[in-house]
Amino acid sequence: HDPADLAHACRCLGQGRMDPLWDRLGEIECPVLLMAGSHDRAYKEMLQDAAELITDSRFRVVPVSGHGIHREQPAALLELLTDFLSEE
28 HDPADLAHAC RCLGQGRMDP LWDRLGEIEC PVLLMAGSHD RAYKEMLQDA AELITDSRFR
88 VVPVSGHGIH REQPAALLEL LTDFLSEE
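Each step along the sequence shown adds one to the number in my numbering, with nothing skipped, and position 52 is 79.
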């Protein structure tokens, strides 16, 4: 990766640069799956709060995982996604 491009992405695209949208989460009209790793305390708490604001949401905690669920527990991620996408 180009260091200048990465620096630009960090300065311009990070969460701290985005406008907060918490007051608009209730407007979401499709099913939403929110996942956090069991060791990712900050995101686990934040996503649990978000799930309470999104009408059709499911919040799941992936055991023995931190922030990188896709790397740390790929089988658990696949199972959660498969279950979520097969819901009717």
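Heads up, the beta-carbon is just placed ideally off N, CA and C, and yes, glycines get one too.
Keep in mind that this is a model prediction, so the values were computed, not measured.
What do you get for residue i, buried or exposed, if any count of 16 or more other CB atoms within 10 angstroms of its CB means buried?
i             : result
valine 89     : buried
aspartate 29  : exposed
glycine 64    : buried
glutamine 100 : buried
leucine 40    : exposed
Span of the alpha helix (DSSP H) holding residue i?
i          : result
leucine 61 : It is not in any alpha helix (DSSP H) - leucine 61 instead sits in the beta strand (DSSP E) that spans 59 to 64.
serine 113 : 101 to 113
Quick check on the DSSP output: the beta strand (DSSP E) that includes residue i runs from which residue to which?
i         : result
serine 84 : 84 to 89
To the nearest angstrom, how far is the alpha carbon of residue i from that of residue j?
i                 : j            : result
threonine 109     : arginine 44  : 32 Å
glutamine 42      : serine 113   : 31 Å
tryptophan 49     : glutamate 79 : 11 Å
phenylalanine 111 : leucine 105  : 10 Å
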